[in-house]
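*Asks:* Residue numbers (full-length UniProt numbering), protein chains in the order written: chain A, 1 to 264; chain B, 1 to 305.
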Ligand SMILES: Nc1ncnc2c1ncn2[C@@H]1O[C@H](COP(=O)(O)OP(=O)(O)O)[C@@H](O)[C@H]1O
Ligand SMILES: [Mg+2]
């Protein structure tokens with residue numbers, strides 16, 4: 001790879017394999033994630049997209065028996081190294097989950113919490129406003145910041161979760177099927193938001209929606225799974241390229257079949 | 001698929017006769033179950049009302065201010081419940097003060113922090129089993145440990161010994177209730193907090209505990225309600241039955257309401273049976289107060305969510 005593009009990398013996964021207990025779930029993944037781009041992870045259910053995504057903020061640490069092999073370079077360090085503090089890492093690599101999960105507290109508190117625990121020194125009101133604006137939610141909630149986050153609609157809740165994630169000023173935001181629980185209009189709003197977010201953050205999104213991947217992402221990684229001898233499934237990366245290439249002229253036949261909706 | 005096949009599937013007549021909806025029979029089963037549920041509730045309520053009524057009829061006559069403010073006496077008309085009531089309040093305050101931090105703390109540790117090792121599993125099994133041990137056994141343990149072994153600290157058959165014995169008795173219940181309440185908190189909340197760079201303790205303290213707290217509180221108060229009515233373990237540790245004074249401290253001798261009631265019921269004179277009923281009314285009033293407090297606190301915390 002040319003060195004000037006390498007300098008713009010944020011995350012670089014090298015030969016990453018993940019085990020759950022004794023079973024290998026995903027094998028030998030290589031992924032370069034360039035700064036200020038959106039990378040989409042697509043593929044059929046169970047092929048390990050979420051598993052790989054959780055490697056980037058060490059959320060797999062929380063699953064008993066989960067083990068990650070290989071290296072993920074982030075800011076000159078291998079974040080798979082147990083000496084890297086996951087608490088510190090997660091401030092810099094935020095995450096938005098599939099199902100909106102605001103805290104059952106006020107909209108204000110939802111955002112203030114992350115800032116407070118991470119020792120934010122500035123003006124809290126200003127941060128809340130900036131984060132909500134960044135998540136395109138400010139106009140809808142500015143008069144009810146004291147109301148519960150759970151009083152919002154699903155799409156608003158998801159944007160609140162995005163606001164909460166960007167309030168601690170991460171470098172990367174991981175999103176695991178962020179729109180799969182939302183209606184088309186909310187989905188559209190979040191997709192527009194992703195375009196904005198890309199200017200300041202690097203995004204890695206998992207999606208089941210091929211149109212979404214082709215609309216929002218710059219690069220697409222296609223994962224697949226094959227049956228193992230034990231009857232389980234083993235996920236692997238089939239192909240990783242620019243989104244345009246993946247959707248128009250992929251190298252692999254399975255990729256073409258999948259992105260055109262012929263299986264999966 | 002063969003085109004002919006699918007066409008014939010569409011063209012085939014609707015075979016409604018293959019379904020036997022049988023609505024009358026399903027609805028009547030509905031009614032039978034509703035009636036049984038009503039009957040079960042009715043029986044439970046009737047027994048309760050009958051119990052309350054007999055006690056009220058027996059006890060209301062002798063229940064007055066003198067009864068509540070007098071010490072026990074050999075003469076039933078002069079005997080009162082003051083020492084036992086004060087003893088019960090003392091014991092319950094100490095039990096609550098020890099049970100809450102220890103029980104809830106252990107529950108939090110086991111549910112949120114302990115890794116899944118053979119040791120934690122052993123502890124878990126033991127706690128569940130301890131919840132089923134008869135209360136008299138705890139009395140014997142309290143006698144050996146608190147009254148005898150730790151006499152210099154507890155002062156023998158004292159408020160403190162009694163309270164610690166009851167604490168042991170209800171700790172398993174509190175731990176189990178705490179864990180249930182924590183387990184009911186959606187894991188997505190924990191993940192949300194951790195993904196923001198919170199430590200595990202920050203997530204537990206700021207998000208999990210506030211959600212679980214009403215449930216934990218209910219468990220603690222129910223356990224305390226059980227402790228308040230316990231007689232056997234306190235008799236086993238030798239709580240006195242005739243206490244003509246108020247406890248002055250943790251090391252004072254004491255008696256509690258159920259022991260006093262038990263003592264009066266055991267006497268041959270009918271007058272004592274009447275004041276025993278009055279004592280039961282007082283005990284129930286204390287219980288009712290505690291449960292009211294529990295419901296009040298629970299609603300307050302639920303509202304603040
Ligand atoms: N917590 C877990 N414990 C054990 N196995 C898991 C766990 N999470 C995922 N897996 C397994 O790992 C594989 C990949 O799952 P996942 O990453 O969720 O796939 P995807 O997100 O692509 O649908 C699946 O076979 C799944 O059964
Ligand atoms: Mg997934």
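Just so it is clear, CB atoms sit at the ideal spot from N, CA and C, and this is done for glycine as well.
1) Would you check if the stretch 91-102 of chain B and the stretch 162-177 of chain B touch, i.e. whether three or more CB-CB distances between them fall below 8 Å?
2) For residue 116 of chain B and chain A, any beta-carbon pair shorter than 8 Å?
3) Step through the CB atoms of chain B and report whether any lies within less than 8 Å of the CB of residue 256 of chain A.
4) Using a threshold of 7 Å, is the CB atom of residue 48 of chain A nearer than that to any non-hydrogen atom of ligand 1?
5) At a cut-off of 7 Å, is residue 148 of chain A close to ligand 1 when judged by its beta-carbon and the heavy atoms of the ligand?
6) Indicate, with yes or no, if ligand 1 has a heavy atom lying under 7 Å from the CB of residue 207 of chain A.
7) Going by C-alpha distance, which of B:168, B:263 and B:250 is nearest residue 241 of chain B?
8) Express the C-alpha separation of residue 173 of chain A and residue 73 of chain A in angstroms, rounding to a whole number.
9) Under 6 Å Cβ to Cβ from residue 173 of chain B, same chain only, skipping five residues before and after it: list those, please.
10) Roughly how many angstroms lie between the CA atoms of residue 373 of chain B and residue 125 of chain B, to the nearest whole one?
11) So what does DSSP say about residue 196 of chain A, is it helix, strand or coil?
12) Would you please state the rounded distance, in angstroms, between the beta carbons of residue 281 of chain B and residue 56 of chain B? I believe it to be under 8 Å.
13) Residues of chain A with CB closer than 8 Å to the CB of residue 188 of chain B, please, in chain order.
14) Is it the case that the stretch 233-242 of chain A contacts the stretch 29-45 of chain A, given that we only count it when at least three CB pairs across the two stretches are under 8 Å?
15) I believe residue 201 of chain A touches residue 170 of chain A by the beta-carbon criterion, under 8 Å. Please report the beta-carbon distance rounded to the nearest angstrom.
16) Is residue 86 of chain A near residue 61 of chain A, with beta carbons less than 8 Å apart?
17) Can you name, in chain order, every residue of its own chain whose Cβ lies under 6 Å from the Cβ of residue 54 of chain A, other than the five neighbours on each side?
18) Among A:23, A:14 and A:103, which has the Cα closest to the Cα of residue 193 of chain B?
19) Within 10 angstroms of its Cβ, does residue 277 of chain A collect 16 or more other Cβ (buried), or is it exposed?
20) Work out the CA separation of residue 152 of chain B and residue 49 of chain B for me, nearest whole Å.
21) Taking all protein chains shown into account, do 16 or more other C-beta atoms lie within 10 angstroms of the C-beta of residue 247 of chain B, making it buried, or fewer, making it exposed?
22) Taking contact to mean 3 or more Cβ pairs, one atom from each stretch, closer than 8 Å, check whether the stretch 287-296 of chain B and the stretch 98-105 of chain B are in contact.
23) Span of the beta strand (DSSP E) holding residue 173 of chain A?
24) Are there 16 or more other CB atoms within 10 angstroms of the CB of residue 196 of chain B, so buried, or fewer, so exposed?
25) Please confirm if the stretch 37-51 of chain A is in contact with the stretch 198-214 of chain A, defined as three or more CB-CB distances below 8 Å between the two stretches.
26) Flag this pair as yes or no: are the beta carbons of residue 143 of chain B and residue 237 of chain B separated by less than 8 Å?
27) With a floor of 4 residues, list each alpha helix (DSSP H) that falls wholly inside the stretch 136-183 of chain A, ordered by position along the chain.
28) Using the C-alpha atoms, what's the distance from residue 218 of chain B back to residue 170 of chain B?
29) Rounding to the nearest angstrom, what Cα-Cα distance links residue 152 of chain A and residue 108 of chain B in this structure?
30) Residue 186 of chain B: buried (16+ other C-beta within 10 angstroms of its C-beta) or exposed?
31) So, does the CB of residue 211 of chain B fall closer than 8 Å to a CB anywhere in chain A?
32) Under 8 Å, Cβ to Cβ, is there at least one residue of chain A near residue 191 of chain B?
*Replies:* Checking against the coordinates, here is how it stands:
1) Result yes; three or more Cβ-Cβ pairs closer than 8 Å.
2) Taking CB atoms only, residue 116 of chain B has a neighbour in chain A less than 8 Å away.
3) No - not a single Cβ of chain B is within 8 Å of the one on residue 256 of chain A.
4) Yes.
5) For ligand 1, not one heavy atom lies less than 7 Å from the Cβ of residue 148 of chain A.
6) Outside the cutoff, so no.
7) Out of B:168, B:263 and B:250, B:263 has the C-alpha closest to the C-alpha of residue 241 of chain B.
8) Roughly 16 Å between the two C-alpha positions.
9) Cβ-Cβ distances below 6 Å link residue 173 of chain B to 131 and 223 in the same chain, with the five nearest sequence neighbours on each side left out; the list follows chain order.
10) One cannot answer for residue 373 of chain B here, as it falls past the ends of chain B, which runs 1 to 305.
11) The three-state secondary structure of residue 196 of chain A, taken from DSSP, is helix.
12) Indeed they touch by this definition, with Cβ atoms about 7 Å apart.
13) For the C-beta of residue 188 of chain B, the chain A residues within less than 8 Å are, from N- to C-terminus, 97, 99 and 101.
14) Yes: the two stretches touch, three or more of their Cβ pairs being nearer than 8 Å.
15) Confirmed, about 7 Å.
16) Yes, they are a contact pair.
17) If we look at residue 54 of chain A and ignore the five residues flanking it on each side, its Cβ neighbours are 60.
18) Residue 193 of chain B has its Cα closest to that of A:103, out of A:23, A:14 and A:103.
19) For chain A, the structure presents residues 1 to 264; residue 277 of chain A sits outside this window and is missing.
20) Computed Cα separation, rounded: 47 Å.
21) Residue 247 of chain B is buried by the Cβ-count criterion.
22) The stretch 287-296 of chain B is not in contact with the stretch 98-105 of chain B.
23) Start and end: 172-176.
24) Answer is buried; the Cβ neighbour count reaches 16.
25) The answer is yes - the stretch 198-214 of chain A touches the stretch 37-51 of chain A, with three or more Cβ pairs under 8 Å.
26) Taking 8 Å as the Cβ cut-off, residue 143 of chain B and residue 237 of chain B qualify as a contacting pair.
27) If we require 4 residues or more, the alpha helix (DSSP H) runs fully inside the stretch 136-183 of chain A come out as 138-141 and 154-167.
28) Going by C-alpha positions, residue 170 of chain B is about 13 Å away from residue 218 of chain B.
29) Cα-Cα distance, rounded: 31 Å.
30) It is exposed - the Cβ of residue 186 of chain B has fewer than 16 other Cβ atoms within 10 Å.
31) Taking 8 Å as the CB threshold, residue 211 of chain B lines the interface with chain A.
32) By this cut-off, residue 191 of chain B is an interface position.
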